[in-house]
Structures are given as structure tokens and as C-alpha cells.
Amino acid sequence: TDTAPPTAIDKPEAPEKPAPLPVGVYQIAVTGLGTADLNSSVAPVQPATGGPSASLGVAGTGIVFEQVSSSSFTEGARGAGGQRYVTFTYRVRNGTGTPLTNLTMMLVSRTGTVAGTALSLLRRFDGSAADPAIATRVVPTGAVTMDSDLTTMLATYPDVLQVLTEAEVASIAPPADVTNILPVGYVVRNKNATTTRLLPAAADPNQYDGVLTLSFRLPLQAAAAQDVFSFFFQVLAVTDTETRLTESMEEAADTAAVRRLRDRALALGATTVTVLNGSPAVSPAVADYPGQRQVCGARTAGTAAAPVTSIVTPSAYTRLAVYRPGQALNGCSPFFAAGEPLFANYGLPYAVTLRAMDRYGNQIASADTVRLASTDPGAVMPAPVALAGGAAAPAATYTTYGSSTLRATGRRLAATSPVTVWGMTRTWTGNVDTGWLTNGDWLQNVAPGVQDSVVIPGGRPYYPVLVQNTTIGGITMTDGATAPRIDLSLYDLTVTGSVNFGTTGSMPGTGRLVLTGENATVGGGVSNADVRNLRVTGTYSTTSNISVTGGRLFVQGGRLRSQGNRVRVQPQ
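Just so we're aligned, residue 2 is where the sequence shown starts under my numbering, counting upward by one.
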């Protein structure tokens, strides 16, 4: 009798993880953006009902934040995606009387914030109101600095940014005055240990066990006078029974930062590590973090039902990328590239796509002129090409098999990509003459190279004649109105793969067919395969009867296994 499949009730379901618990609402004041007087402060919100965060189980005023450092730098030009990166670091005291674990400051909207954002009261240097639309383009980042080359961005230390899923955010019970919780925030670390985030209840007024780093980027405006000088933004402090880490997008592009984050995840015993758009960790070739998952396009403004902007909000042209044939731009894929790259083929144009990119996987409509060069001295490179809409597709031509490195160099940026030239299948047309080396006689308009396999169809106006000793990868002959053939003339045709004569194919001439492949086959269809001189130095099995007529069969250091077929050497 049939057995019904088990229903969900037959299997015990894993218990749901407890939702993060709110412990306080805070307002962070930021001033001095773009000046040497960069400063911030964190203060508990005073609810209208009286008392600091009175509706919450743990008094918000019990957590104290004191700024200890700040830094800022700009990248890119005004009007061309230029960004200001800002970092604040605070020491944190847990004066609640209760130990706090995995304390995280989630960005939230409240009454008075710019719709869908955590920001309010954006001001310029002169005190006038800044464009409120800027609030939607303020994006959390990892803690970063610019290297001395002014191009490489470095992630200075791990465990700063935190990204949750929309479902995890939805499970948090917000205080009454919080209207929207964004799935991004910042983690409070334990400054005394890398193996825990526990903040013990402080017994001493000077006991600061925690460290919080607040990092973000915001767009430069068309003129400095229009830049944001100060603003407020709102955060909800939550504790979490689950130890989660997030690899920021800036960390993902910094190999040393990835190592530091991996070490931190192991030291903390992390149960979940979130990676974002373009993370190399998504590649099967890269080892996973503990509990790895990917969140693409984490919302940084708007609601879950109607997101406005995300963590990949565009910035400046900071990366020149080379996409090989077979690859496509994709934000969630490792290195923002989806698809398997195709090999280059001997003598054929190999068109790569050059893209002007920002750090966040966006193609930027930036002007640049890019020159290609290769470590393969025989490669023919195209003339320098101008990017149109941030992209171009120049083609190089390779005539050397194997691997080389392609380098793309713009006015300021450069990129490299490996290129491998591999064999392909080329089809004879015989539209021009009998010359094996006549490019126009081949469908691909290039005569085959030593790693290429060939197809010789029947019914062609001309058939190939060798003009020199020739090496190829394999041969397949197919039937047509006239029988296909390769005239060896006086030369050796060396084949490193299999040979299929079809049912009517032949190889006239006094030259030799030399078989050097491994675990390959030779033969035809129902009839004999006929050749004048056959030399076998590889290992071959027959697929039909083999006749060597008027010449010699020579097996040297190889093997020719008959597989139940007849191998016959006979005079002319």
C-alpha cells in the first residue's frame, strides 16, 4: 500500500530564536561635518510621559556613551558621486544594574524624522535647512580609512556594522514612539575581551567596558555651502541572545579585514555571520563564516513594504572592473559578477566588458579612457577605448594557448583579470580553396590551432589539403553529398584527441596520422576507417574496423585496443 509522506507535525520544529529586546531609545547629535570640529553626543530620549524611556524594562539613562575619537575623509568629486565618510568611537558604560549582551544600536524612525529615515534636523554650516532628501542617502558603513595611495579603502577593525533580516527586525517590539525599525545598526563591543560582548553592570562610575563605533557615508553636494553640517539621528538599543556579526561591504573588499572578522567570529562563537552584496564569501571557492548567510540590498531608508534606498546606494567611480565573456553584473554575486567566464579562443576576438564601478556594485556613468595590455607578448590589444555610460567592450586577440593576465588601465584606476586561451571546435566550409591554413575556409574565419578540434562535413566544394606538419585536438567527419576527407599529402597530422571518420570519411595522401591522445578513440561508423600510415603513441580504442592500406601501422610507447573490431595492415 502507498505510504503518505510525513506531515510537518511528524518532525519537531526548531524553536524560534528570541527576538532582540529593546532597552532604550537614543538620539545622536552630529555636528561639524566637513570641519576640524567634528563632534557627536548620545543622549537618551525623553518620552512625553516623563522619565527617560520609561516604557522600557531597562532604563535608557543607565547606558552612558562618551565620544573618544572622530575621523572623516572624502572620496570622489562633487557632482560625480563624491562621498564623505565619517566615523565616531565612544566608550560605553553599563549603569543599568543589569548585564547586557550583544547590545546593538538599530536605526529607527520616530516622529519628526525625515520620512522613512533615522535622521532629523539636517542643517548647513550657516544654520539653514539642508536638503531633506540627503537623509535617505546617509548610509551606514564599516569603520574605514583611506590608504596612502588615496584609492584603496581599508576597514580598520571588525564588529562594527550589524545587518538583520526584515523578519528579524519585524520581530522586535518597538516602543510606542518608534514608527519604523531599519535592519541596520551598530554593535557595542567589549573593550576588554574579544571572546564576549557581555557588558557587566558597572560598579564604578569610571567603569566603561564597552566600545561603540558609528560609521556612515553621505553624499557631497554640488557646492560646499550645501553640504550637511549637522543632524540628529535616532537609534533603538536592543540586546540579543544570539551572537551575530556582519561583514560590511568595505570589509569584504579588504583581505586583511576579512581575516580579522573571521577571527572575531570564531573568538565570539558567532552563530550567524551576515555578508552583503558582492561579498567574496558567497563564492564556493571561499571558506564560509560560521553560520554564514547573505542579505542583499539591506534597507537604509523607507519601510519594509516600500524601501527607498539601500546599503548599496551609489557613490563615486572608484573601481575599474573587467568582465569576461560569460560574466554579467550582478549585485548579489561574489565580486558583483555572475556567470562562468568563457575561455578565449585562438585567433578569435575576445571581447571583455570594462565597467566604471563604485565600491557598492553600481555601474557609474563616468567618463574614462581605458588601455588594455597583456602579459602575453603575442596578444593583439585594441586601441584605447572611451567608456560610454560607464562601459565599453573592446576585443583582444590571442594566439598563444595557456594563461596570461589582462590589465586595464584608466586615467586613475586599473584592474587585472586572468585570461586562459583554450581549444575550440572549428568547422571546415571549403568555400575558398583546399588550403588548410586559409582562414576563409573555416566557419570561424580562422584556421585551427594545436588545441582545436575540427569538424569536416561532407558536401563541400573543396576539402582540406595539408601544406605542412599539423597538430590539432580532434577530428570529426560527417556525411554529406560528397564524402569528407583530409588529404595528408606528404605531411604528419598529429591528433591529441579522438578521431571519428564517420561512415564515409577518409585521409588520402602518403603522410601519417599520428595519434598521441590518452584514453581516446579512433574509427568510423559501420564501415572501415582507412588511412595509409598510422602511428600510435597514445592510448586508443577502436570504434570500427581499421585498415592501414599501402603503408605502415606503428605503435610506439602507446596502445591500440581493438574493442572487438579488426585492425588490418594490407598492401595497396
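For every residue, glycine included, the Cβ atom is placed at its ideal position computed from N, Cα and C.
Taking 8 Å as the cut-off, the Cβ atoms of Leu162 and Tyr187 count as close. Nearest neighbour of Pro458 by Cα position, chosen from Asp480, Ala416, Trp437 and Val164, turns out to be Asp480. Here Pro141 is buried, its C-beta having at least 16 other C-beta atoms within 10 Å. Measuring C-alpha to C-alpha distances from Asn278 to each of Phe336, Leu246 and Glu243 identifies Phe336 as the nearest. Taking the CA atoms as reference points, Gly25 sits about 54 Å from Thr406. CA-to-CA, the gap between Leu122 and Leu34 works out to about 14 Å.
If you check the CB distance, Val537 and Gly559 come in under 8 Å. For Asn520, the secondary structure class from DSSP, reduced to helix, strand or coil, is coil. Selection Asp531, Val515, Leu489 and Leu494 evaluated against Thr505 yields Asp531 as nearest (Cα-Cα). For Thr75, the uninterrupted beta strand (DSSP E) segment begins and ends at Ile64 to Glu76. Residue pairing by DSSP places Phe89 opposite Ser71 and Leu215 in a beta bridge. Counting of Cβ neighbours within 10 angstroms places Arg567 among the exposed residues, the total staying below 16. The Cβ atoms of Val179 and Leu237 sit closer than 8 Å to each other. Relative to Leu444, the option among Gly450, Ala288 and Gly431 whose CA is nearest is Gly431. Counting C-beta pairs closer than 8 Å gives three or more between the segment 136 to 156 and the segment 248 to 256, which meets the contact rule. No Cβ-Cβ contact shorter than 8 Å links Val381 with Thr401. Scanning Gly327, Val259, Asp255 and Tyr91 for the CA closest to the CA of Asn191 turns up Tyr91. Counting of Cβ neighbours within 10 angstroms places Glu76 among the buried residues, the total reaching 16 or more.
Taking 8 Å as the cut-off, the Cβ atoms of Ala416 and Leu330 do not count as close. It is roughly 13 Å from the alpha-carbon of Gly63 to the alpha-carbon of Gln208. Ala266 sits close to Pro291, with the two beta carbons spaced by under 8 Å.
Judged by their CB atoms, Arg486 and Tyr463 are not nearer to each other than the 8 Å cut-off.
Each residue's CA atom was taken as its position, placing Pro19 and Val420 some 49 Å apart. In the DSSP secondary-structure assignment, Met154 is bridged to Met147.
Taking C-alpha positions only, Tyr351 is separated from Ala396 by approximately 5 Å. In the DSSP assignment, Arg265 falls outside any beta strand (DSSP E) and lies within the alpha helix (DSSP H) extending over Thr256 to Leu269. Taking 3 residues as the shortest admissible run, the segment 362 to 435 contains the following complete beta strand (DSSP E) segments, listed from N- to C-terminal end: 370 to 375, 396 to 398, 403 to 410, 415 to 423 and 426 to 428.
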